[in-house]
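Number of protein chains: 2
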Amino acid sequence: MRDFTKDHSALALNTATLGHNVDGAGAGWSPERTIDACAERGYGGIVFWRRELGARAAAIGAHARAAGVAVAGLCRTPFLVGPLAPVGTQAVMDDFRASIDMAAEVGAPVLTIVVGGVEPGTKGVARSLGLVTDRIAAALDHAAAQGVRLAIEPLHPVYAGDRSCLTTLRDALDICDRIGSPHLGVAVDVYHVWWDTDLPAQLARAGERILGYHLCDWLAGTRDVLLDRGMMGDGVADLKGLRAAVEGAGYDGLCEVEIFSADNWWKRDPGEVLDTIVTRFRTVC
Amino acid sequence: MRDFTKDHSALALNTATLGHNVDGAGAGWSPERTIDACAERGYGGIVFWRRELGARAAAIGAHARAAGVAVAGLCRTPFLVGPLAPVGTQAVMDDFRASIDMAAEVGAPVLTIVVGGVEPGTKGVARSLGLVTDRIAAALDHAAAQGVRLAIEPLHPVYAGDRSCLTTLRDALDICDRIGSPHLGVAVDVYHVWWDTDLPAQLARAGERILGYHLCDWLAGTRDVLLDRGMMGDGVADLKGLRAAVEGAGYDGLCEVEIFSADNWWKRDPGEVLDTIVTRFRTVC
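Protein chains in written order, with UniProt numbering: chain S, 1 to 285; chain E, 1 to 285.
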C-alpha cells in the first residue's frame, strides 16, 4: 500500500467538496482559483462538474495542466434511466454524448456514469439495468473516438429508487463483462460501498478496470443521505482497509475526495476545507 | 406461487404499521382491539412490539389465539452492537434473553434480531459482525429452551452505521452457517433487500431458514429512510418477483406487513389502513 503520510501527490479534489461554489459566474471561487488553491497545496488532481465548465472547458483544462494539476475526470453523464433521466432515449443519448465531448474538451481521461433509478412503469431493478447496459454500449464507440473512458459508479442502495438502480460493484462489473470494452470500467466511492462485505472479492475481480477511487466517510448518524457525507476519519468506514483492497487490485491512481456536506464542510472557508483534506489524507486514509 | 387474489389468510399485521398506536396505556388502539380488528378482516397473524405487551404478554397472546389470529413473531431483540445498543455485553445479553422470554410468553415462535450498527471504536463492519455472531451464539441455548427461533433480519445499508452493520441476506446466512443451529434463521423484508440483485441466489441458499417475509414498498422518492415506507403497490419493489423467489425457496408462512409511515399511513384511521392492506395484498403482492 502506498505511503501517503509524507506525500499527498495522489490526492485529488472533486469540486463538489467545496459546495459547488466553484463556478464561472462569480459566486464563490472560479474554476481557475480552485485549481490554483489545489496547486498551492500540492494536490495532484482535480475533478470538475459539467455545470462549472460551461463553454470554457478547454481553457480550464489548460489552466489546470499549466498549474501542474491533472484533470482526473469529469462528473458526469446524465442519468441514463429512471425518473430523473432526460425523457426519451434520444435525449438521454444526446446528453450522454455531450458529456463525453466535454470530458474530451477539458482533457479528462475518465467520465463518471451515474446510471439513474428505476425506470418509470417498471418494478425492481432488472429491466432498468438492462436499459443501462444498452445505453452504455451504444455510447462506447463515441467515447473511444474521443479518448475518454467511462467509469460506472455504483451508488449506495438508498438511491436505488431514483438515482441509481445499480448499487454494487458486482452489478457494475457484470455490466462491464457483458459489454467487454477496454474503454469501460468502474469508479469506487467509499460512501457508496463501505458497508459491502462482498467488496474485497469484487475489487479483486475488477483489477485494472478500477478507473477511480473516491474518498469521504460515512457518518454513523447520517442525517441526510444526499448532503451529510463525512470528512475522512469522522465516520465508520474502514478507509485504510478499503484502500488496501483497492490498491491490492492494482489501482495506483489518484484518490478523489468528494464530500457533499451542506451543513458542515460547505459552510466553511474553502481554504480550510482544502487544508483539512490534506491532513486527513496523510493520516487516516 | 400461492394465489392470494381470493384468500388473504396468509396476511399478518406488524403493529408498527398502525404507527405504534397500539399500546396498553389508552393512546390509540389496545392490543386486544387491534387483534379483533385483524380477526374481523380475516388476517391470519399479528406481530407485536415488546413495548406494546409490557407485563401482559401472556394474556394478549391468549386473546389473539382465541380470536383465531396467530402470533407470528415478536419485534425484537435489543441492538446487539453499535452506538444504540445497551452498554456492555452483560446488558446486551440480559435484554436479549428478556426479549426471548417475552416471545415465549406471548406465544411467538419467532423473535426478530436487529443486530445494531458499527461498534464504537471500530471501523467497517467486520469486527461488529464478529461480535454479533458471538452474541447470537451465546443466546441460542436459551432460545431453544424457550421454544423460540431467532430470525436475523438484514436491514437496508442506509442503516449500516447505527442500526445494522448486517445489510444483506448473504451476510445473515454467513452467520447462520457459522453458528449452525436449527433455532436460527433469517427474516426477509422487502424494504431492506429489494435492490439486491444477489437476493434470488441467497434466497435459494436460505431454503427452510427463511422464518419470516415482510411486506411494504420502497417509494422511488423516499423522503425519510426511517419513517417513509410505502404501501404495497405505491413503490418500485418487484413484489411479485420477490414473493416468487421467497416461495421458490420453500417459504409458505405468513406475509407480514410492516409500514413505518409517519406522514401518511400513520395519520389515517387504523381501520382504513387495515382495509387497504387487504386490498393491496390480494392484488399487487
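Each residue gets a CB set at the ideal place from its N, CA and C atoms; glycine is no exception.
C-beta contact flag for I179 (chain E) and L166 (chain E) at 9 angstroms
Counting from one through the second sequence, the residue named residue 179 (chain E) turns up at place 179. Counting from one through the second sequence, the residue named residue 166 (chain E) turns up at place 166. Contact flag unset, no.
Exposed or buried, L274 (chain S), counting other C-beta atoms within 10 Å across all chains shown (16 or more means buried)? To locate residue 274 (chain S), count along the first sequence from 1; it is residue 274. Counting Cβ neighbours within 10 Å, L274 (chain S) comes out buried, since at least 16 surround it.
Reduced DSSP category for C165 (chain S) - H, G, I as helix; E, B as strand; rest coil: Start at 1 with the first residue of the first sequence, and residue 165 (chain S) comes out as number 165. Reduced to three states, the DSSP call for C165 (chain S) is coil.
Whether A108 (chain S) touches V148 (chain S) by CB criterion (9 angstroms) | One-based indexing of the first sequence puts residue 108 (chain S) at position 108. One-based indexing of the first sequence puts residue 148 (chain S) at position 148. Against a cut-off of 9 angstroms, the Cβ pair of V148 (chain S) and A108 (chain S) comes out as a contact.
Handout entry: Top-ranked residue by Cα proximity to D7 (chain S), from S:R268, S:L131 and S:R41
Key = Locating residue 7 (chain S) in the first sequence gives position 7, counting from the first residue. Among S:R268, S:L131 and S:R41, the Cα nearest to that of D7 (chain S) is on S:R41.
key: Cβ contact check for the stretch 123 to 143 of chain S and the stretch 115 to 133 of chain E: 3 or more pairs under 8 angstroms   = no
Does any C-beta atom of chain E lie closer than 9 angstroms to the C-beta of D23 (chain S)? On the first sequence, position 23 is the one that residue 23 (chain S) refers to. Residue placement at D23 (chain S) is poorly supported in this model, since its pLDDT is 49, which falls under 50; the coordinates are not used for a value here.
Worksheet item: Looking at C-alpha atoms only, which residue of E:L173, E:A160, E:Y159 and E:F96 is the closest neighbour of D141 (chain E)?
Response: By 1-based counting over the second sequence, the position of residue 141 (chain E) is 141. Checked all of E:L173, E:A160, E:Y159 and E:F96; the closest Cα to D141 (chain E) is E:F96.
Practice task
Return the Cβ separation of A249 (chain S) and A204 (chain S) in integer angstroms, given the expectation that the two are a contact with Cβ distance under 8 angstroms.
Solution key: As a working mapping, residue 249 (chain S) is identified with position 249 in the first sequence. As a working mapping, residue 204 (chain S) is identified with position 204 in the first sequence. Confirmed, Cβ separation roughly 5 angstroms.
* Residue interval of the beta strand (DSSP E) (run including R149 (chain S)) -> Residue 149 (chain S) sits at position 149 when you count from the first residue of the first sequence. First-last of the beta strand (DSSP E) with R149 (chain S): R149 to I152.
Margin query: If distances are taken between C-alpha atoms only, which option among E:T222, E:C176 and E:H63 comes closest to P83 (chain S)?
Written below: Residue 83 (chain S) sits at position 83 when you count from the first residue of the first sequence. Of E:T222, E:C176 and E:H63, the residue nearest in Cα terms is E:T222.
In its own chain, which residues sit with a C-beta less than 6 angstroms from the C-beta of A58 (chain S), not counting the 5 before and 5 after it?
Along the first sequence, read from residue 1 onward, the residue named residue 58 (chain S) stands at position 58. Cβ within range, chain order: E105.
Based on Cα-Cα distance, which residue from S:V186, S:Y159 and S:T77 lies nearest to A139 (chain S)? As a first step, residue 139 (chain S) must be located in the first sequence, where it is residue number 139. Nearest of S:V186, S:Y159 and S:T77 to A139 (chain S), Cα basis: S:T77.
- Item | Candidates E:R209, E:A237 and E:A39, of which the one nearest L13 (chain E) by Cα | Here residue 13 (chain E) refers to the residue found at position 13 when the second sequence is read from its first residue. The residue with the shortest Cα to Cα distance from L13 (chain E) is E:A39.
query = For T214 (chain S), which three-state DSSP category applies?
reply = The sequence position of residue 214 (chain S) within the first sequence is 214, counting from 1. Reading off the sequence, residue 214 (chain S) comes out as His, not Thr. Of the three classes helix, strand and coil, the one that applies to H214 (chain S) here is strand, per DSSP.
- Nearest chain E C-beta to L203 (chain S) closer than 9 angstroms, yes or no? The count along the first sequence starts at 1 and reaches residue 203 (chain S) at position 203. With 9 angstroms as the cut-off, L203 (chain S) does not count as an interface residue toward chain E.
My assumption, with CB atoms under 8 angstroms, is that L11 (chain S) sits in contact with G44 (chain S). Please give the rounded CB distance.
As a working note, residue 11 (chain S) is residue 11 in the first sequence. As a working note, residue 44 (chain S) is residue 44 in the first sequence. The Cβ separation is near 6 angstroms, so the contact holds.
Q. Candidates S:A245, S:V284 and S:D263: which alpha carbon is nearest V257 (chain S)'s?
A. In the first sequence, residue 257 (chain S) corresponds to position 257, counting from 1. Ranking the options by Cα distance to V257 (chain S), first place goes to S:V284.
* Asked: Mind listing which residues of the stretch 214 to 236 of chain S have their C-beta closer than 9 angstroms to chain E's C-betas, in chain order?
  -> W218, L219, A220, G221, T222, V225, G235 and V236
- Would you please state the rounded distance, in angstroms, between the beta carbons of V188 (chain E) and L239 (chain E)? I believe it to be under 8 angstroms. Taking the second sequence and counting its residues from 1, the one referred to as residue 188 (chain E) is at position 188. Taking the second sequence and counting its residues from 1, the one referred to as residue 239 (chain E) is at position 239. Not a contact, Cβ separation roughly 12 angstroms.
Buried or exposed (CB count within 10 angstroms, at least 16 for buried), M1 (chain S):
For the purposes of this step, residue 1 (chain S) is taken as the residue at position 1 of the first sequence. Exposed, because fewer than 16 other Cβ atoms sit within 10 Å of the Cβ of M1 (chain S).
Fill in: N-terminal and C-terminal residue of the beta strand (DSSP E) that L13 (chain S) is part of
By one-based count along the first sequence, residue 13 (chain S) stands at place 13. Segment L11 to N14, the beta strand (DSSP E) holding L13 (chain S).
| query | Quick one: is R170 (chain S) near chain E, going by C-beta distance under 9 angstroms? | reply | Along the first sequence, read from residue 1 onward, the residue named residue 170 (chain S) stands at position 170. Closer than 9 angstroms to some Cβ of chain E, the Cβ of R170 (chain S) qualifies, so yes.
*Top-ranked residue by Cα proximity to D171 (chain S), from S:D162, S:D196, S:P182 and S:A220*: Position 171 of the first sequence, counted from the start, is the residue given in the question as residue 171 (chain S). Residue S:D196 is the option with its Cα nearest to D171 (chain S).
Between the Cα of D217 (chain E) and the Cα atoms of E:V92, E:I46, E:R229 and E:P86, which residue gives the shortest distance? Here residue 217 (chain E) corresponds to residue number 217 of the second sequence, with the count starting at 1. It is E:R229 whose Cα lies nearest to the Cα of D217 (chain E).
Practice problem: Check whether the Cβ of L80 (chain E) lies closer than 9 angstroms to any Cβ atom in chain S. | Solution: For this step, residue 80 (chain E) is matched to residue 80 along the second sequence. Closer than 9 angstroms: no.
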